[in-house]
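Structure, as structure tokens:
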Amino acid sequence: MSLTSSILLILLSIFIAVGGQLLLKVGINRLGVVNFGSLNALKLFFFGVIKSPMVMTGLFLYIVSAAIWLIVLSVVDLSFAYPFLGFTYVMVLVLSKFILKEDVNPIRWIGTVIITIGVIVLSRA
Numbered sequence: 002m003s004l005t006s007s008i009l010l011i012l013l014s015i016f017i018a019v020g021g022q023l024l025l026k027v028g029i030n031r032l033g034v035v036n037f038g039s040l041n042a043l044k045l046f047f048f049g050v051i052k053s054p055m056v057m058t059g060l061f062l063y064i065v066s067a068a069i070w071l072i073v074l075s076v077v078d079l080s081f082a083y084p085f086l087g088f089t090y091v092m093v094l095v096l097s098k099f100i101l102k103e104d105v106n107p108i109r110w111i112g113t114v115i116i117t118i119g120v121i122v123l124s125r126a
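Going by this note's numbering, the sequence shown opens with residue 2, and the numbers climb by one from there.
Quick look at the structure:
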């Protein structure tokens, strides 16, 4: 597999995982704050999770992402592929800001720039 194909497969796995993370967040927000104070509350939470299409789709996307990641690992070195996962943090932060309307402070933006630079440096080494 070519280097370009490998990177595209890595990015596909990352994009799918990030989509799954966003769906998990939206789905769990719809369920409300989790109360772990009693066994009944845990049971209600569990059944709420398995009945939530968003949460279940998010979990499904994680499985798909993991399957693609296994393909990636079969064709490239882990030391090459793994640093790309740093882009997951960057993408989640950006999408959380613009899709979920979360407040993102300047320190987090600086951190994402540092992560991005690190991934670029590691991918060229």
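Where is the CB? At the ideal position from N, CA and C, for every residue including glycine.
CA-to-CA distance, residue j to residue i, given in whole angstroms
i: A68; j: F61; result: 11 Å
i: I11; j: F48; result: 33 Å
i: N106; j: G112; result: 10 Å
i: N41; j: D104; result: 33 Å
Neighbour-count burial assignment, residue i, 16 or more Cβ in a 10 Å radius
i: I121; result: exposed
i: S53; result: buried
i: F85; result: buried
i: V73; result: buried
i: V114; result: exposed
Of the listed residues the options, nearest to residue i (C-alpha basis)
i: L101; options: G112, L24, T5; result: L24
i: V95; options: F37, L9, V73, Q22; result: Q22
i: I51; options: V76, I115, G28; result: G28
i: I15; options: V34, V65, F46; result: V65
i: T58; options: R109, G33, A18, I115; result: A18
i: L9; options: K98, V76, V114, G119; result: V76
i: K26; options: R109, S97, G119; result: S97
i: S7; options: L79, G119, I108; result: L79
Own chain residues within Cβ distance below 8 Å of residue i, not counting five before or after
i: T117; result: G87, F88, V91
Beta-carbon contacts of residue i that lie in its chain and below 6 Å, excluding the five residues immediately before and after
i: F46; result: V35
Distance cut-off 8 Å: residue i Cβ against heavy atoms of the ligand NAP
i: D78; result: Because no ligand of any kind appears in the structure shown, any question about the ligand NAP cannot be addressed here.
Residues near residue i in its chain [Cβ-Cβ closer than 7 Å; skip 5 each side]
i: F37; result: L43
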